[in-house]
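Asks: This is the structure I want to talk about, given as structure tokens.
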Amino acid sequence: MPRSSPGVPDCRPAGLPRLPPAHLPRPRLAARLRDGDWRLRLLVAPAGFGKTVLLGECLRREPPPRLVWLSLGGRAEPLAQVLARLAIALGQARPAGTDEQALSALLQAHPAPLWLVLDDYPHDPDPALDACLDRLLAQPDLPLRLLVSARQRPAWNLPRLLLAGDLLELDAGELAFDPAETQQLAERLAPGAGQPAALWRDTLGWCAGVPLLLATPPASGGGPCWLKDYLDREVLARLEADARRDLLVLVHLPRVSAAFCAQLWDDGDGAARFEALLRRHAFFLPLDRQGLWYRPLPAVARALREHADAQLSPALRLRACRLFFAAGQVEDAIDQALAAGQPEVAASYLERLGQEWLTGERHLAHLLAWRERLPAHLLDGTPRLVVLNAWALLLAWRLDEADDCLERLGRFLPQPDGRRTRRLLANAQALRGALGTLRGRDPGDAARDCHAALAALDDQDWMPALLCRSALARIAFASGQPEQAGAYLDSAREQARRHGSVLFEVWLDLDRVQGLLLRGDTARARAQIDASLALIAQRDAGDALLLGRLRLADAQLLLQTDALDAAEDSLRRGLALAEDCADPLALLGYLGLAELAARRGDFQAAFAELAEAERRMHCQQVWRLAYMGMLSLQRMQVLARQGNWARVETIGRRIQRYFEGERPWMAPCFAPDLALRNELLLARAQAAQGNPGAARPALLDLQRRGAALHYRPLVEAVRQALDALDAPTEPRIAYDAAIPDLLSQREQAVLHLLAEGYSNEEIGTRLFISVNTVKTHAKKINCKLGVKRRTQAVMCAKRLGLLA
């Protein structure tokens, strides 16, 4: 007996195919199909997009009185044969007259509409059947509700049906799973398999792709390649030999268009050949709103490239390389040049790119990958290449390597004329200023370098000038001059707008959001994030790097307002994008997840996130001091919630040394309040360890400085610490490393949620456990702490240092 799917009735009318054992119900789409008085419900998508399954789910929920399901299997059945099958399904004899008259008579034999499903309608149907259905759909009084699944839109008068409100059409974009559905199905099919984000990037919601990829063992496993077998039977076998050959060539390319294909092949009909593949829905997905460029579905392309007949000759690849460059797709041209074994060509194309390009899409990750494939003598071949590589390394926080690039610029001095020499020196000074800002060791020197570069750079070099102003704004934020920072950002944003750079405008707005969050102005920060997302949405490109940073900024805002569930969603989305782009600001995603876990009482998970953050920074070759301060501060915050104040003080003293003395370091660009937050935790540690006399003056001084900077969240945290000093409390037990072992990790998580006032039901929902399990944990907590009620448990836990 096949297993039924949750949420879908077991019963099925005769003729309906069974649902897959791991079927994922899609009630929203099923409701769209079921609701409304559409005469034609049309599902058009490539193989495996769940068309048949969705129709089956829809008709199972509320079967219509008259329902016939005819599976055509992509074959061109004659009208007479379809008519005979319909008559048998209805239990009636074939009426007299022509085939079309007989079909009309069958439909009108009963007043209730006939719901007729034609599953897998062929791309080249019987002309008589096709024309007959088109004419029947034009008869508004005919009791027919037609449901059709196909891989190519039928040649019916669909515009007329649309204008009459008689057409509902779902395409591949609407039928595809979203990331959450992909993850849900993957967990059903292969619990614990992991990598749901990678699975979605490979399949882009292709319904059949998820189970096929999960069922296919790794390349070294030697098992069957289910995906390849599926594509052989469902795609290649249905294509003519010429179309099959074209598809196996095009899957080697990252993007294609009709105009591109017209020049790729010599015979002159490349555009028509590609458009024929599009009509056959051969897994090409649009890359822009205009429908000009398409790309093959990643999982399909990878599987078909392994096909014995799939090959792209070096000559054809080089032609594709030149065509991509001519079309402005420089990164694709570089990839094809490298694949063709032409690194010199790749380097010449790379030289055409600028700093703005690095902030778009996944370009930073691309350039870092190209650095691994290009010989060093080509990477350092021209001043422009050295400068571009230096900026990329700066964005990746690989500061020692960026320093090396800066040194190598000296080999190109002097230039053939004075103007070019001055220009190269100004670019080098801009790099030095930005590098000094990220290092934080000599902010005064960094600011002087930026100002000197701005004085020398002309409008031709507006991008490094803009990055200099961004660096000066960050120095101002870290130096406690938020108004000056705002002025620099205003000037830089105007420059970005005058040059039509949406990417740099959003880049600068992220700095503005950081300043608003420091001041606790969540309303303006929300408005700025939403405005930046709207700007990015105007571009056809998927600007993953900036989108990732916007999601992480959104998560910081949500954490500041205690919207923990929404913050977790933004953190995970932002982190996935940042990692995909090799963006070192993925660090903020891990730190946010650690804070989230600590607030929920899951300290083991919090420390695991911090460990993974450090591992990622090591793997990406990030300069140690660029991330260590932020990582250490978050570790202190987790320890504080755990009540381990001695450890908090040890780490805090180590951090404090960097911000004292004759030449104090500047706070990290992405945590301008780090030194102040560190002082707050140190003062709290002193108070918690029985030295409130030392804590009070430190807190009062910190409150004064925070108020002068208008850092409202910091000032509020200081006020709470001062209130805690004044509040009468029972003597606290000194922290002992053995005390946390009193409770299990799960019991600690339950205890923290109890302390926050959550009900048993809410705790169960957050921790994904039953209410009975919550009650069991609560009883164990009471027993271990020697109390009888939850309020007593919370008070006792605070005395023991189990709750901050």
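Those letters in the sequence shown? Residues 15 to 818, by our numbering.
The beta-carbon is built from N, C-alpha and C at its ideal position, and this holds for glycine as well.
1. Assign R108 to one of three DSSP states: helix, strand, or coil.
2. Tell me the rounded alpha-carbon separation between C810 and A204.
3. May I ask you to verify whether the stretch 561-573 touches the stretch 533-550, counting CB pairs closer than 8 Å and requiring at least 3?
4. Using the DSSP secondary-structure output, state which residues sit across from E693 in a beta bridge.
5. With a threshold of 8 Å on Cβ separation, who are the neighbours of Q106 within its own chain once the five nearest residues in sequence on each side are excluded?
6. For V808, which of helix, strand or coil comes out of DSSP?
7. Quick one: what's F298 bridged to in DSSP?
8. Hey, would you say L93 sits closer than 8 Å to R108, going by beta carbons?
9. Can you tell me whether V22 is helix, strand or coil according to DSSP?
10. Between the C-alpha atoms of A44 and G111, what's the straight-line distance to the nearest angstrom?
11. Please classify C419: is it buried, with 16 or more other beta-carbons within 10 angstroms of its beta-carbon, or exposed?
12. In the DSSP assignment, what are the bridge partners of V58?
13. Skipping 5 residues on each side, what residues in its chain have a beta carbon closer than 7 Å to that of R455?
14. Name the residue from L756, L130, E693 whose alpha carbon lies nearest to the alpha carbon of S85.
15. From this set, G562, L172, L439, L33, which residue's C-alpha is nearest R53's C-alpha?
16. Assign N705 to buried or exposed, taking buried as 16 or more other Cβ atoms, counted over all protein chains shown, within 10 Å of its Cβ.
17. Which residues mark the beginning and the end of the alpha helix (DSSP H) in which W240 is found?
18. Going by DSSP in three states, Y604 sits in which element: helix, strand or coil?
19. Can you tell me the Cβ-Cβ gap for A620 and A611, rounded? I've got them flagged as a contact below 8 Å.
20. Looking at the structure shown, is V131 part of a helix, part of a strand, or coil, going by DSSP?
21. Should the stretch 362-382 be regarded as contacting the stretch 579-590, the criterion being three or more beta carbon pairs within less than 8 Å?
22. Rounded to a whole number of angstroms, what is the C-alpha to C-alpha distance between A685 and I489?
23. How big is the Cα-Cα spacing for A341 and G675?
24. Tell me which residues share the same chain as G235 and place their Cβ nearer than 8 Å to its Cβ, disregarding the 5 neighbours each side in the sequence.
25. Looking at L736: is its Cβ nearer than 8 Å to the Cβ of L690?
26. So, with DSSP's three-state summary, where would you put V801?
27. Quick one: grab the DSSP three-state call for S646.
28. On a Cα-Cα basis, can you pick out the residue from R159, L199, P154, E195 that is closest to A178?
29. Considering only the alpha carbon of each residue, which of D431, L445, T435 lies closest to L413?
30. For a test of the three-state rule: what should DSSP assign to A752, helix, strand or coil?
31. May I have a chain-ordered list of the alpha helix (DSSP H) segments no shorter than 4 residues that lie completely inside the stretch 489-557?
32. Express the C-alpha separation of D133 and L175 in angstroms, rounding to a whole number.
33. So the alpha helix (DSSP H) S584 belongs to, where does it begin and stop?
34. For Q806, which residues of its own chain have a beta-carbon under 7 Å away from its beta-carbon, when the five flanking residues on both sides are left out?
35. For P16, which residues of its own chain have a beta-carbon under 7 Å away from its beta-carbon, when the five flanking residues on both sides are left out?
36. Can L182 and G70 be called in contact, C-beta distance under 8 Å?
Replies: For this structure:
1. Walking along the sequence shown from the start, residue 108 turns up at place 94. The answer is coil: DSSP assigns R108 none of H, G, I, E or B.
2. Counting from one through the sequence shown, the residue named residue 810 turns up at place 796. Counting from one through the sequence shown, the residue named residue 204 turns up at place 190. Each residue's alpha carbon lies about 43 Å from the other.
3. yes
4. Within the sequence shown, residue 693 is the residue found at index 679, counting from 1. According to DSSP, E693 bridges with nothing at all.
5. Your numbering for residue 106 matches position 92 in the sequence shown. If we look at Q106 and ignore the five residues flanking it on each side, its Cβ neighbours are L120, A123.
6. Numbered from 1 along the sequence shown, position 794 holds the residue referred to as residue 808. In the structure shown, V808 sits in a helix (DSSP, three-state: H, G or I).
7. Position 284 of the sequence shown holds residue 298. P310, per the DSSP bridge assignment.
8. The sequence position of residue 93 within the sequence shown is 79, counting from 1. The sequence position of residue 108 within the sequence shown is 94, counting from 1. Not a contact, by the Cβ cut-off of 8 Å.
9. Stepping through the sequence shown from its first residue, residue 22 is reached at position 8. Residue confidence is low: V22 scores 45 on pLDDT, short of 50, so the model does not pin down where it sits. Its coordinate-derived value is still stated next. In the structure shown, V22 sits in coil (DSSP, three-state: anything other than H, G, I, E or B).
10. Taking the sequence shown and counting its residues from 1, one reaches residue 44 at position 30. Taking the sequence shown and counting its residues from 1, one reaches residue 111 at position 97. Whole-angstrom Cα-Cα distance: 37 Å.
11. Counted from its first residue, the sequence shown places residue 419 at position 405. It counts as buried.
12. Residue 58 sits at position 44 when you count from the first residue of the sequence shown. Answer is A164.
13. Residue mapping note: residue 455 aligns to position 441 of the sequence shown, counting from 1. Closer than 7 Å at the Cβ level, and outside the excluded window around R455, lie W679.
14. Within the sequence shown, residue 85 is the residue found at index 71, counting from 1. When each option's Cα is compared against that of S85, the closest is L130.
15. As a first step, residue 53 is located in the sequence shown; it is residue number 39 there, counting from the start. Selected option, being the one with the closest Cα: L172.
16. Start at 1 with the first residue of the sequence shown, and residue 705 comes out as number 691. Exposed, by the Cβ-count rule.
17. Taking the first residue of the sequence shown as position 1, residue 240 is located at position 226. Run containing W240: 240-248, per the alpha helix (DSSP H) assignment.
18. Taking the sequence shown and counting its residues from 1, the one referred to as residue 604 is at position 590. Helix.
19. Locating residue 620 in the sequence shown gives position 606, where the first residue counts as 1. Locating residue 611 in the sequence shown gives position 597, where the first residue counts as 1. Going by Cβ atoms, the distance from A620 to A611 rounds to 4 Å, so yes, they are a contact pair.
20. Residue numbering aside, residue 131 sits at position 117 when the sequence shown is read from its first letter. Strand, per DSSP.
21. no
22. Residue mapping note: residue 685 aligns to position 671 of the sequence shown, counting from 1. Residue mapping note: residue 489 aligns to position 475 of the sequence shown, counting from 1. Whole-angstrom Cα-Cα distance: 11 Å.
23. In the sequence shown, the residue the question calls residue 341 occupies position 327. In the sequence shown, the residue the question calls residue 675 occupies position 661. Rounded to whole angstroms, A341 to G675 spans 56 Å at the Cα level.
24. Looking up residue 235 in the sequence shown gives position 221. Residue confidence is low: G235 scores 49 on pLDDT, short of 50, so the model does not pin down where it sits. Its coordinate-derived value is still stated next. Same-chain partners within the cutoff: there are none.
25. Against the sequence shown, residue 736 aligns to sequence position 722. Against the sequence shown, residue 690 aligns to sequence position 676. Their beta carbons are not under 8 Å apart, which means L736 does not touch L690 by this criterion.
26. As a first step, residue 801 is located in the sequence shown; it is residue number 787 there, counting from the start. V801 falls in the coil class under three-state DSSP.
27. Position 632 of the sequence shown, counting from 1, holds the residue named residue 646. In this structure, S646 counts as helix in the three-state DSSP scheme.
28. Position 164 of the sequence shown, counted from the start, is the residue given in the question as residue 178. If we check each option's Cα against that of A178, P154 comes out closest.
29. As a first step, residue 413 is located in the sequence shown; it is residue number 399 there, counting from the start. Out of D431, L445, T435, L445 has the C-alpha closest to the C-alpha of L413.
30. Mapped onto the sequence shown, residue 752 falls at position 738. Its pLDDT being 46, under 50, A752 is placed unreliably in this model, and the value from its coordinates should be taken loosely. Reduced to three states, the DSSP call for A752 is coil.
31. 496-512, 516-532, 536-551
32. Numbered from 1 along the sequence shown, position 161 holds the residue referred to as residue 175. Numbered from 1 along the sequence shown, position 119 holds the residue referred to as residue 133. Between L175 and D133, the C-alpha separation is close to 20 Å.
33. One-based indexing of the sequence shown puts residue 584 at position 570. S584: member of the alpha helix (DSSP H) spanning 578-594, first to last residue.
34. Here the question's residue 806 lines up with position 792 in the sequence shown. Once the five neighbours on either side are set aside, Q806 has no close Cβ partner at all.
35. Position 2 of the sequence shown, counted from the first residue, corresponds to residue 16. Because P16 sits at a pLDDT of 36, beneath the cut-off of 50, its placement in the model cannot be relied upon, and the following sentence gives the value as read from the coordinates. Taken in chain order, the residues that qualify are R32, P35.
36. Along the sequence shown, read from residue 1 onward, the residue named residue 182 stands at position 168. Along the sequence shown, read from residue 1 onward, the residue named residue 70 stands at position 56. No. Outside cutoff.
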